[in-house]
Structure formats: C-alpha cells, structure tokens
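Note sheet for the following structure.
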Amino acid sequence: MYLVDAYVRPAKAEDLPAIIELEKKFGYKIVGVDDRFFRHSFNTDVKIFPVRVISAKSEDEAKSLLRNLSKYEVVIAQAKDVGALRTFSKDRRANIIEIPPKLSPYLDRNQAELFSVGKSMIGFNASNLIDEPRLFWWLSFLTSYAERYALHIVVYSGARRFDEVIHPKVVLNMLIQTGVKKGRALMIIGMSRLEEILKKKASAQT
Numbered sequence: 118m119y120l121v122d123a124y125v126r127p128a129k130a131e132d133l134p135a136i137i138e139l140e141k142k143f144g145y146k147i148v149g150v151d152d153r154f155f156r157h158s159f160n161t162d163v164k165i166f167p168v169r170v171i172s173a174k175s176e177d178e179a180k181s182l183l184r185n186l187s188k189y190e191v192v193i194a195q196a197k198d199v200g201a202l203r204t205f206s207k208d209r210r211a212n213i214i215e216i217p218p219k220l221s222p223y224l225d226r227n228q229a230e231l232f233s234v235g236k237s238m239i240g241f242n243a244s245n246l247i248d249e250p251r252l253f254w255w256l257s258f259l260t261s262y263a264e265r266y267a268l269h270i271v272v273y274s275g276a277r278r279f280d281e282v283i284h285p286k287v288v289l290n291m292l293i294q295t296g297v298k299k300g301r302a303l304m305i306i307g308m309s310r311l312e313e314i315l316k317k318k319a320s321a322q323t
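Going by my numbering, the first residue of the sequence shown is number 118, and it counts up by one from there.
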C-alpha cells in the first residue's frame, strides 16, 4: 500500500514541479495530475498518472461525456444533478464521483447500490475546505455514508499550488475527526482501490 494523492490541478504548468516535489517530501508515492498538465510532468520518484475531470448537469449530458471517454483514463466525474449522479455512479468509466451537498437527499441505499454496480468511488476535493471551511460537515456526511454502505471514498488535495498540498497526517486526522476509525482511515489514504484501477488501465494498454 502506498500513499496516494489522487488529484492535483496546477494553476499553471510552472507550478507542477513544486507541487510534485512537496508530494514526494510528504511521502506520497502516487499522484494524479489533471490531464491538461500531465504532458508537463517530469522524471521523478513519484508515480504520476493523468486524471480527466468531467462535469454534467443532467443525465443526457453525463451520457454524452461518458461516450467520449477512453478506457485508459482515470476519470473524476462531477455530478451537478441527480440524473448525472445516477448515470455516473453506475458506469465503470467514471472512477471517482464528486457529489455536491444539495444532492444529499439522494444518497440512500438505492444510490449505494448504483455505486456498487459501477465500482466507483466517492471523491472529496480537500481544496474546497480552503475556499469554504464549513464544508467539513459534508466530508463527515460522505464518510458516514460510505461506512454505512461499505463504499470506497477518496480524499485528495486538489492542490493548485505547492502550499495547498496536504500532509497525509492531516488527511488522516481529518478522517478520524469525521468518525472514521484509524485503520480504515489509513486504508483510505493508501487507496488500494485506486491502485487496482491503475493496474487495470495499464494492462489494457499492453
């Protein structure tokens, strides 16, 4: 198991080296980089993979975006309405799904079953806490929901600059504060599920 930061999104290409260098110092071994900046990656001891972010406000838009995806890409799908949420969560091409608080009424057992069908993970971008600290309640809600239905959840920095990279101990403490047991929190940070996805995508290219 390796420490994973599943997504960073540099404000500009020049910011990427400093972000990756700090990820390395913090002990991260695997880092997901927004696909717009992946070509600016450089040789490093940190394993880097491209992440494509898509966003949909309806079921039809979600279906259209999914049709244009490559099976080799790691995809974060941002669901802006319940139709998009339902569509993304049952489709295996959408690996990580970000859910806004307004959709909390729809996070029930039926929705959990769709996550299981699509084998997708619930994603939380920690950079949102920089812009709006009160969203910590939403992280607590999502971790509780994931625990209740045995779903995968991933917390990533979403760092735009090097000073937004989050130390893994901070992520660990955040998860514990939401009520997640330490052992489970360590598994979330290690992201064994994401490693499985990366291996499958790599093997599909050979």
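For every residue, glycine included, the Cβ atom is placed at its ideal position computed from N, Cα and C.
Everything numeric in this text was worked out from a predicted model, so none of it was measured.
Distance from the CA of F253 to the CA of L220, rounded to the nearest whole angstrom, comes to 16 Å. Beta-carbon to beta-carbon, F279 and A179 are separated by about 33 Å, too far to satisfy the 8 Å threshold.
Measuring C-alpha to C-alpha distances from Y189 to each of L202, Y223, R203, D152 identifies D152 as the nearest.
Looking at the backbone, the Cα of F154 and that of S261 are separated by about 33 Å.
In the DSSP assignment, N227 falls within the alpha helix (DSSP H) that extends over 226-235. Between V163 and E140, the beta carbon gap of about 6 Å places them in contact (Cβ cut-off 8 Å). Contact between I247 and I216 does not hold, since their C-beta atoms are separated by about 19 Å, which reaches or exceeds 8 Å.
Nearest neighbour of V168 by Cα position, chosen from R156, D177, Y223, P222, turns out to be R156. CA-CA distance, R226 to W255, rounds to 18 Å. Taking a C-beta distance under 8 Å as the contact criterion, Y124 and I193 qualify as a contact pair. Secondary structure at S261: helix, using DSSP grouped into helix, strand and coil. For P167, the enclosing beta strand (DSSP E) begins and ends at 164-173. Where I216 is concerned, there is no enclosing alpha helix (DSSP H), because DSSP gives it neither an H nor an E.
Residue environment analysis places T204 among the buried positions, since at least 16 neighbouring C-beta atoms fall within 10 angstroms of its C-beta.
Counting of Cβ neighbours within 10 angstroms places S206 among the buried residues, the total reaching 16 or more.
In the displayed model, V287 falls within a helix according to three-state DSSP. A173 is positioned such that its CB atom lies no closer than 8 Å to that of L186. Counting C-beta atoms within 10 angstroms of its own C-beta, A243 has 16 or more neighbours from the protein chains shown and is therefore classed as buried.
In the three-state reduction of the DSSP assignment, V282 falls in the coil class. The beta carbon of D132 sits closer than 8 Å to those of R277, R278, F279, all from its chain and outside the five residues before and after it, given in chain order.
By the neighbour-count criterion, in which 16 or more other beta carbons inside 10 Å mark a residue as buried, Q228 falls on the buried side. Closest in C-alpha terms to E138, from the list H284, Q294, K298, comes H284.
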